[in-house]
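Remarks on the structure that follows.
Numbering (my numbering), first residue to last: 30 to 346.
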């Protein structure tokens with residue numbers, strides 16, 4: 030028993046001596062390996078696409094698309110959920126190739142802006158329209174000179190949510206296309222057919238009898254716009270707020286008076302180069318409507334009684 034006690038003390042003394050002579054080594058840091066985190070590890074559906082990709086332009090997405098295969102998948106997933114495509118005036122080289130990618134990827138477009146795209150053809154446009162016809166509410170094809178009325182078919186027949194349609198300087202727009210538009214679309218609130226010379230007067234009269242929700246209308250430099258057309262607009266488009274009649278040489282005070290009497294919400298009237306329109310119809314409007322033609326100095330203080338020259342039965346058509 031005594032011998033065991035002496036051996037235990039000897040062992041403890043030896044351990045104490047070794048601890049005093051040895052310099053303690055620092056404990057190694059324990060490294061936890063999580064792997065390399067990248068941008069693509071962030072949740073795509075909840076974060077990257079709804080929160081980040083909305084701030085990227087089409088050019089940014091195409092630049093991202095060229096970085097890697099994963100970046101390509103992310104960019105195309107963002108394009109699939111994109112709601113607006115703005116390419117107006119973009120006539121850069123090889124844009125047709127990029128547009129084919131957009132036609133394949135974009136599936137939820139609501140606003141489509143392709144004004145002044147000289148390269149655009151039916152072959153390029155139709156696939157994009159067919160893939161997005163259920164949601165499109167605004168289409169701008171102003172000055173798209175190389176497409177035909179064939180591209181309007183899915184827009185007219187299948188775009189049931191269409192509210193804005195712009196076809197300025199589209200000489201290919203025919204009376205038949207407007208007749209089809211009259212038959213299938215009744216919810217338009219903005220319509221632009223400026224510089225479209227192939228549309229007849231009677232076609233427009235029938236058209237405006239159905240589209241009674243219009244608030245913005247542009248008919249600038251359209252030869253078939255007459256007083257009778259303006260009378261129908263006044264009778265049926267009571268919610269009209271802005272109308273562009275620049276260069277419509279066939280209209281006169283009678284048509285403008287019909288607008289002023291019926292369209293109580295009218296806010297602006299553009300009638301430059303309409304030489305048959307005088308202050309007789311404009312003067313009563315100036316207090317509530319912005320008119321792009323300044324008041325003539327000699328007529329600034331004249332007052333007109335429209336009943337003195339305006340036949341009351343002219344509004345009946």
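The C-beta atom is built at its ideal place from N, Cα and C for all residues, glycine as well.
Note that this is a predicted model, so its numbers are computed, not measured.
Practice task
Pair every Cβ in the segment 200-213 with every Cβ in the segment 145-156, then say whether three or more of these pairs are closer than 8 Å.
Solution key: no
Exercise for the section: Counting only runs of 4+ residues fully inside the segment 172-242, write out the alpha helix (DSSP H) ranges in chain order. Expected result: 181-187, 204-213, 230-239
Problem - Cβ-based neighbour list, residue 247, same chain, cut-off 6 Å, excluding 5 preceding and 5 following - result: Numbered from its first residue, the chain shown carries residue 247 at position 218. Around residue 247: 221, 223, 273.
Exercise for the section: Identify, in the order they occur along the chain, each residue of the same chain with its Cβ nearer than 7 Å to the Cβ of residue 294, setting aside the five sequence neighbours on each side. Expected result: Residue mapping note: residue 294 aligns to position 265 of the chain shown, counting from 1. 268, 269, 270, listed in sequence order.
Exercise for the section: Determine the contact status of residue 304 and residue 278, defining contact as a CB-CB distance below 8 Å. Expected result: As a working mapping, residue 304 is identified with position 275 in the chain shown. As a working mapping, residue 278 is identified with position 249 in the chain shown. Going by C-beta atoms, residue 304 is nearer than 8 Å to residue 278.
Practice task
Would you mind working out which of 296, 306, 170, 310 sits nearest residue 317, comparing C-alpha positions?
Solution key: Mapped onto the chain shown, residue 317 falls at position 288. With distances taken between Cα atoms, residue 317 lies closest to 296.
Exercise for the section: Would you kindly report the start and end of the unbroken beta strand (DSSP E) that includes residue 169? Expected result: Position 140 of the chain shown, counted from the start, is the residue given in the question as residue 169. Taken as a continuous stretch (DSSP letters only), the beta strand (DSSP E) holding residue 169 covers 167-169.
Problem - Distance, residue 148 Cα to residue 342 Cα - result: Within the chain shown, residue 342 is the residue found at index 313, counting from 1. Within the chain shown, residue 148 is the residue found at index 119, counting from 1. Caution applies to residue 342, whose pLDDT of 39 falls short of 50 and renders its modelled position unreliable; the value that the coordinates give is listed next. Each residue's Cα considered, the two are about 50 Å apart.
Handout entry: Contact set for residue 264: own chain, Cβ-Cβ below 7 Å, skip 5 residues either direction
Key = Within the chain shown, numbered from 1, the residue matching residue 264 stands at position 235. Counting only Cβ-Cβ distances below 7 Å, and skipping sequence neighbours, we find 291.
Exercise for the section: Tell me, please, which residues DSSP counts as bridged to residue 273. Expected result: Residue numbering aside, residue 273 sits at position 244 when the chain shown is read from its first letter. Answer is 247, 299.
Problem - Sequence-distant residues of its chain with Cβ nearer than 7 Å to residue 211 (five each side left out) - result: Numbered from 1 along the chain shown, position 182 holds the residue referred to as residue 211. Cβ within range, chain order: 235, 236, 239.
Exercise for the section: Pull up the distance between the alpha-carbon of residue 110 and that of residue 93, whole angstroms please. Expected result: Reading the chain shown from its first residue, position 81 is the one you call residue 110. Reading the chain shown from its first residue, position 64 is the one you call residue 93. Computed Cα separation, rounded: 16 Å.
Handout entry: Bridge partners - residue 139, DSSP secondary structure assignment
Key = Taking the chain shown and counting its residues from 1, the one referred to as residue 139 is at position 110. Per DSSP, none; premise fails for residue 139.
Practice task
Please look up how many angstroms separate the CB atoms of residue 117 and residue 142, rounded, as I've assumed it's under 8 Å.
Solution key: In the chain shown, residue 117 corresponds to position 88, counting from 1. In the chain shown, residue 142 corresponds to position 113, counting from 1. Contact flag correct, Cβ pair sits at about 5 Å.
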